[in-house]
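Enquirer: Which chain is which? The protein sequence lines are A and B, in order. Numbering of the first sequence is given in the working numbering, commencing with residue 120 and proceeding in unit increments. Numbering of the second sequence is given in the working numbering, commencing with residue 9 and proceeding in unit increments. Glycine included, each C-beta is placed from N, C-alpha and C at the ideal position. Small disclaimer: the values here were computed from a predicted structure and weren't measured. Sharing a structure below in structure tokens format, with a few things to ask.
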Amino acid sequence: KNEVEQSPQNLTAQEGEFITINCSYSVGISALHWLQQHPGGGIVSLFMLSSGKKKHGRLIATINIQEKHSSLHITASHPRDSAVYICAVPYSGGGADGLTFGKGTHLIIQP
Amino acid sequence: DTEVTQTPKHLVMGMTNKKSLKCEQHMGHRAMYWYKQKAKKPPELMFVYSYEKLSINESVPSRFSPECPNSSLLNLHLHALQPEDSALYLCASSPGVESNEQYFGPGTRLTVT
Chain A
120 KNEVEQSPQN LTAQEGEFIT INCSYSVGIS ALHWLQQHPG GGIVSLFMLS SGKKKHGRLI
180 ATINIQEKHS SLHITASHPR DSAVYICAVP YSGGGADGLT FGKGTHLIIQ P
Chain B
9 DTEVTQTPKH LVMGMTNKKS LKCEQHMGHR AMYWYKQKAK KPPELMFVYS YEKLSINESV
69 PSRFSPECPN SSLLNLHLHA LQPEDSALYL CASSPGVESN EQYFGPGTRL TVT
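Below, the structure is given as structure tokens:
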């Protein structure tokens with residue numbers, strides 16, 4: 120089973136700041152997932168990436184397969200970005216096998 | 009339709025009750041999942057169904073019994089639960105072996121009294 124480490128666990132920032140959340144994992148993977156969870160429980164998939172970089176709006180995700188490391192960046196952060204951000208990897212190696220999650224980063228953006 | 013629905017949203021049950029959680033998707037996905045999430049913890053994988061066959065059962069107690077009647081529907085039957093089973097139960101689906109991108113339902117918040 121893959122081990123997933125995320126940092127920081129908690130992050131409070133001011134509106135407009137550039138945010139970085141880091142994720143590292145122990146075993147090679149086919150793809151890494153970044154997810155967002157708001158209070159109340161709903162989880163939304165933000166990115167699934169296997170190499171390089173992906174961008175969606177103000178969110179950017181990067182992955183370095185050799186170093187087993189990924190980062191999620193938020194540019195021009197806004198209070199509505201406040202949520203828990205979770206990094207996840209395939210449970211046992213890829214395909215339809217579920218996800219193993221990091222502990223999450225609780226992000227608060229203050230106006 | 010890119011939605012995964014779960015019913016009920018909330019459930020309170022006694023330790024001797026039998027209840028079921030239901031999950032449905034109409035995206036043509038061939039893999040469906042149950043996760044359990046305790047407060048302030050990340051979700052933990054419980055079961056995986058791939059092409060309507062149980063492919064992963066992560067050492068879950070037998071008081072939880074999954075069922076996949078067809079490719080759109082996933083149930084979780086509950087019997088003789090313990091208070092420590094109180095949690096948010098999340099269902100997800102993904103296209104199948106070609107992609108593991110997961111679409112999550114809103115969850116069922118279960119309280120066992």
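For residue 209 (chain A), report the span of its beta strand (DSSP E) as first-last.
Expert: Looking at the DSSP string, the run of the beta strand (DSSP E) that includes residue 209 (chain A) is 202 to 209.
Enquirer: Judging by CA-CA distance, which residue of B:60, B:39, B:37 and B:74 is the nearest neighbour of residue 54 (chain B)?
Expert: That would be B:74, whose Cα lies nearest to the Cα of residue 54 (chain B).
Enquirer: Of the residues that make up the region 91 to 102 of chain B, which ones have a beta carbon closer than 7 Å to any beta carbon in chain A?
Expert: Within the region 91 to 102 of chain B, the residues whose Cβ lies closer than 7 Å to some Cβ of chain A are 96, 98 and 102, listed in chain order.
Enquirer: Under three-state DSSP, which class holds residue 66 (chain B)?
Expert: It is coil, neither helix nor strand.
Enquirer: Could you list the residues in the region 159 to 179 of chain A with a C-beta less than 9 Å from some C-beta on chain B, going in chain order?
Expert: Within the region 159 to 179 of chain A, the qualifying residues are 159, 160, 161, 162, 163, 164 and 167.
Enquirer: Give the interface partners of residue 115 (chain B) over in chain A, defined as CB-CB distance under 9 Å, in chain order.
Expert: Under the 9 Å cutoff, chain A gives 159, 160, 161 and 162.
Enquirer: Alpha carbons only, please: which of A:194, A:206, A:177 and A:173 is nearest the one belonging to residue 151 (chain A)?
Expert: Comparing Cα-Cα distances from residue 151 (chain A) to each of A:194, A:206, A:177 and A:173, the minimum goes to A:206.
Enquirer: Look at the alpha carbon of residue 47 (chain B) and the alpha carbon of residue 101 (chain B), and state the distance between them as a whole number of angstroms.
Expert: If you take the alpha carbons of residue 47 (chain B) and residue 101 (chain B), they lie about 22 Å apart.
Enquirer: Compute the Euclidean distance between the alpha carbons of residue 143 (chain A) and residue 223 (chain A), then round it to the nearest angstrom.
Expert: About 12 Å.
Enquirer: Can you look up residue 117 (chain B) in the DSSP assignment and give me helix, strand or coil?
Expert: Residue 117 (chain B): strand per DSSP, three-state reduction.
Enquirer: Could you name the residues that DSSP lists as bridge partners for residue 45 (chain B)?
Expert: Note: residue 45 (chain B) sits in a beta bridge opposite B:96.
Enquirer: Residue 178 (chain A) and residue 168 (chain A) - do their beta-carbons sit closer together than 9 Å?
Expert: Cβ atoms of residue 168 (chain A) and residue 178 (chain A): not closer than 9 Å.
Enquirer: Ends of the beta strand (DSSP E) at residue 173 (chain A)?
Expert: From DSSP, the beta strand (DSSP E) with residue 173 (chain A) extends over 171 to 175.
Enquirer: Around the Cβ of residue 98 (chain B), are there at least 16 other Cβ atoms within 10 angstroms (buried) or fewer (exposed)?
Expert: Label assigned to residue 98 (chain B): buried.
Enquirer: Please name the residue or residues paired with residue 104 (chain B) in a DSSP beta bridge.
Expert: Note: residue 104 (chain B) sits in a beta bridge opposite B:107.
Enquirer: Whose Cβ in chain A lies nearer than 9 Å to the Cβ of residue 53 (chain B)?
Expert: The contacting residues are 210, 216, 217, 218, 219 and 220.
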